[in-house]
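Worksheet for the structure shown next.
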Amino acid sequence: MKITCISTVPTLSLAEAVNELNHINDSETGTETGIDFKTYYPNQIDEEEIDEEVLKDDLKSSDIVLIDIRGGGRSSEVVYDALKDGDNIVLNLITPIGKLMQITRLGSFSGKKMADKMSASAKTGVVDQGRDPEDLWKRIERAQNIVETAGKVLPVKSMKDAGNYIKITRYWRHGGRENYYNLFVLLLREYFGYKLPKAKEPVEFPEYGIYHPAYGHFTDLHDFTGSTGFKAANPTIGMLFHGGMHFDQNITTIKAFTNELNNFNFIPVYSDGIHNLAAIQQYFFRDDEPIVDAVINLMWFRINGGPLGGNPERTQELLKSLNVPIFSPAPMFTREVAKWEESQTGLSPIETIAAVIWPELDGCIESIPVSGVQDVVVGELHAREVAPIDDRISRITGRIRNWIKLKGLPESERKIAVIIYNYPPGEANIGKAAYLDVFQSVTRLLERFKEDGYDVEVPEKELHKLFEEMAITNSGNWFKKEKTIANCFSIDMDEYLRFFRSLPDELQEDVIHYWGEPPGSVMTVGNRLLIPGIKFGRIFVGVQPARPPLDGSDLAKASHDKTKPPHHQYLAFYFWLQNIWGADAVFHVGTHGLAEFTKGKEVGMSSSCFPDILIGDMPHLYIYHVLNTSEATIAKRRLHGTLISYNSPPYTTSDLYEDYTELQDLIDEYDDTVTVAQNPLRSEKVREKILEKAGELEFRGENIDNIHEELYEMKRSIIPKGLHILGEQYEVEDLKRFTEFIMRYDRDEVKSLNRIIAETMELDYDLALRNKDQYASQLDNIDSISSELVNRSIDESIEESIKSTIWEGKSGVGSKNEIKISHKQRKELEKTLSFGIAVSMNYSDNGLEIESCLRGLNTEFIEPSLGGDVVRTPEILPTGRNINQFDPNRIPTQTASERGIEIAENTIKSYLRKNSSYPESVGVVLWGFETTKTGGESIGQILHYLGVKVTRGVGSWHPELTPIPLEELGRPRIDCLINICGFFRDMFPNLLDLLNRAVGLVA
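For the sequence shown, the numbering used here begins at 105 and goes up steadily by one.
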């Protein structure tokens, strides 16, 4: 008897069940069952770690094949190809949909009809990701119960086989050694004639419950707290982990957490993944009040609905009520610990998405790996188990302890470190950050700390002047060396060596190789290492160490070099903060610091990663620019930062000045000579002046229309005005300009204001945008009308704005066109203006930025939000939330796809105009920052060059790609040479797969 299993689930319990069965004799023959059992894992197949031909031979020669493959990919294709023409028993144990269900066969039961029916339901929307996952799961279970019951009572063999198939999936879904044992007994007895005792019914887990390694199972919270020595005065930590088939894989990890948290009340709760919200409500609240101080979430996927997905708003409502940090240490259910240790990347792509990115979207923090796969031997069988990574569990529990300690301290006793930057090194660049007035923002923080009872002395003198006068810098190029030495804190050699010698030997050797023996030469005086900063009561404002270049390398490159260790003073600075000064929490202020770019893995930090060593067990809040989500993500995942976003400064248009204004005046004069004065001689003279002036200014346009288009684009370009200050509310004029800018663009829910105005003029707005050289005057006029509508809407009301600007029959800005609007267009105007004004209120009120800093120090839940460009995606407002990059599985978004198509079409048309032929190939560089900011416009661009469109079926795990027929495309497909940056590679492994599939489709 040969059984082959393709299992996503590590197989220790499975191997134990087979081993037990192999020692039981057939009651008739007296011989052992003798199962030849072999296991493969989908990640091995996907990563091409095994011989594909050996795998196919094993599959074809097996009597039974068990399949648990999730998410599609190469493994599904390989298994399907090997088994599609066979007649052995094949059991797809997970989703009853797709190719693997089509080859499912058990006796007279075929899975093809079920697969076809489920696929049809998916296409018609019967299975809908927006549906409540609990409701969807109940419907699936009802259908399975009907089939299984029919199989028991009806004599029809196909119904009996169908019922057995459903029962087998129940054994698998609930997991555990006993269920696996009975799964095999059912197959051997019913389909191969083995004389074995009848298989018992599946042992089914509750949808959710409590399991404590020392006390066992509970379903009632009161029973649990009454039986386990629960002390109301002690802090309480809740844990959420997978039940069912994944329960066994969590047990050793839960035990390790229990040992580390033995002086806390600890409530470990398992759930089937579908009912997570109900489990949280049931066990982490009592009488509708939270009873936990923190939650550890070991679940993959988003909290509501697991892999089926659910409404994230329900999650946010519950977590805001709970109002404690949700930690999401990453269990590696598919990656071997040894591979993770060796890997520079860290977590695998699937684990990065399921255990890091998706939990982050719910507001979870600190994705430190706490368990991973390791090989074990059971009898003569090779298997895998998920085992705890002890030092990583110590790290996450140490951090949780300090977060809870912070919460328990009175504000007046909290010691807070506020870290600013000195990049590039030198006194002229102290306190620089992207679009942020750092010193003013820190002053605002100090003032608010004072109001809230912190022990802080707010300086009378401006903070930046104080740093200048005291020569507090973190550069070897001291402009007042004696002052810097006198005013800095320091750490002596003996104290530093005690810390340095505690690091692993290979890390010590690495630092010494690049920076010499301690204390090194960076910011040292004799045997002391300097710690630049000023104490204001119990608040320390320090300057982060610089990362000077080695071997003459570029400063920017050296500062972001993840292959080099930090120098001695860098290590000493963070050691001093935690272990000598004793910071209870750390802020990094602004985008961005450099500690997160020190040597280590990309995601899933180990104890040998320097970012993890630097931040240690200190609670960490990182104030970050809302726009830069790609590098914010690095700070979140490598330096364990809880992010608090800050807004962009107010925006304005670049407008025209000096010679450019003169050029615009000449074009206006030219239009007048052509359309009004109708003076050809004067027109020609003005035209010559225009071309001469445009040449001086190096315009690319060869005629007046082209030059006018360039001026139009220049004049309306959006640029930031000044620097943002944390918590500062913007002026009314700033609101008006922002509202005007965001309403230039179509949104999913509303039309562009400019488009509506164009339609009232009976102007094809898309045509005008594609041909700005011909329509620059009309587009300029539309901008003016839009501006007046916005101004009047904010100053007066939307109704008055429409009435005075348009409704009376002509624009209020002297447009050459009389504008008359229909009732429908008026309603569209009202809707768009209402949308714009509502969004502008979120833009103006930045109070949440400071509030979230205080909430973070009180160990409260910081609400998550996507980040990005506030003009392009204003739904990310208000700032002051824990920002994330875009959900990678939603990229490219529909809007980004449409914009990508437009960009590609414009590029192709431009090339065609110049060369009278289509390009054979196009080069595209993919940047992580650009992709997160735009939602994947470059991806949409590439797909359109290739002539491929993307659609999404049920869920978003595997977007569907379809080649566009050439007759529909209307041109040849264009090859793409794609280059990617490291950020893109690490953040969007799924998009690399998407592009690879797209190229394969049309190659």
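Built from N, CA and C at the ideal position, the CB exists for glycine as well.
In this structure, how does DSSP classify residue i when only helix, strand and coil are distinguished?
i, result
"S919", "Only weak support exists for where S919 lies, its pLDDT of 40 falling under 50; the value from the coordinates is given anyway. Of the three classes helix, strand and coil, the one that applies to S919 here is coil, per DSSP."
"K142", "strand"
"D191", "coil"
"P1067", "strand"
"Y764", "helix"
"M263", "helix"
"F405", "coil"
"G342", "strand"
"N369", "strand"
"V1058", "Summary for V1058: the model assigns pLDDT 35, below 50, so the residue's position carries little reliability, and this model does not support an answer."
"M865", "coil"
"T1011", "helix"
"W444", "helix"
"Y184", "helix"
"P784", "helix"
"F437", "strand"
"E904", "helix"
"T746", "strand"
"E796", "helix"
"Q233", "With a pLDDT of 38 at Q233, under the threshold of 50, the predicted position of this residue should be treated as unreliable, and no value is reported."
"P968", "strand"
"G704", "coil"
"V790", "helix"
"L830", "coil"
"G320", "strand"
"P463", "helix"
"P473", "strand"
"H692", "strand"
Do residue i and residue j have their CB atoms nearer than 9 Å?
i, j, result
"L801", "L770", "no"
"T478", "A458", "Sequence inspection shows Gln at residue 478; the Thr mentioned does not correspond to that position. Taking 9 Å as the Cβ cut-off, Q478 and A458 do not qualify as a contacting pair."
"I995", "G1040", "yes"
"E556", "H828", "Reading off the sequence shown, one finds Asp at residue 556, where the question assumed Glu. No. Outside cutoff."
"W404", "W462", "yes"
"G1108", "G831", "Past the boundaries of the shown model lies residue 1108; the chain is included only from 105 to 1107, so the question cannot be answered."
"L1028", "N1083", "It is worth fixing the name first, because residue 1028 is Val in this sequence and not Leu. Yes. Within cutoff."
"L426", "I384", "yes"
"T757", "R841", "yes"
"I638", "V645", "yes"
"V626", "I576", "no"
"P636", "F593", "yes"
"T864", "I925", "yes"
"R281", "S117", "yes"
If you drop the 5 nearest sequence neighbours on each side, which residues of the same chain put their C-beta closer than 7 Å to that of residue i?
i, result
"E700", "P715, I738, A739, R742 and L743"
Can you give me the Cβ contacts of residue i inside the same chain, cut-off strictly under 6 Å, excluding the 5 residues immediately before and after it?
i, result
"N946", "L981 and P982"
"E311", "D376 and H379"
"E294", "none"
"H724", "V690, H744 and G745"
"I595", "L633, A676 and W680"
"G211", "D265"
"I811", "A798, F803 and G805"
"Y558", "E515"
In chain order, what residues of the same chain lie with their CB nearer than 8 Å to the CB of residue i, ignoring the 5 residues before and after it?
i, result
"D494", "A360"
Q. Between the region 728–741 and the region 521–533, are three or more C-beta pairs nearer than 8 Å?
A. no
Q.
Taking 8 Å as the cut-off, does the region 339–357 touch the region 365–376 (at least 3 CB pairs, one atom from each stretch)?
A. yes
Q) Can at least three beta-carbon pairs, one atom from the region 552–570 and one from the region 840–852, be found at a separation below 8 Å? A) no
Q: Return the chain-ordered ranges of every alpha helix (DSSP H) run that is complete within the region 478–521 and spans a minimum of 4 residues.
A: 494–512
Q: Would you check if the region 550–557 and the region 703–721 touch, i.e. whether three or more CB-CB distances between them fall below 8 Å?
A: no
Q: Examine the Cβ distances between the region 1041–1054 and the region 1064–1079 and report whether three or more of them are shorter than 8 Å.
A: yes
**Q.** Contact between the region 192–202 and the region 136–153 (3+ Cβ pairs under 8 Å)
**A.** no
Q: Would you check if the region 429–438 and the region 455–473 touch, i.e. whether three or more CB-CB distances between them fall below 8 Å?
A: yes
(Q) Under 8 Å: do the region 265–272 and the region 288–307 share three or more Cβ pairs, one atom per stretch? (A) yes
Q: May I ask you to verify whether the region 150–166 touches the region 119–128, counting CB pairs closer than 8 Å and requiring at least 3?
A: no
Q: Give, in chain order, every unbroken run of the alpha helix (DSSP H) that is at least 4 residues long and sits entirely within the region 559–597.
A: 567–573 and 585–591
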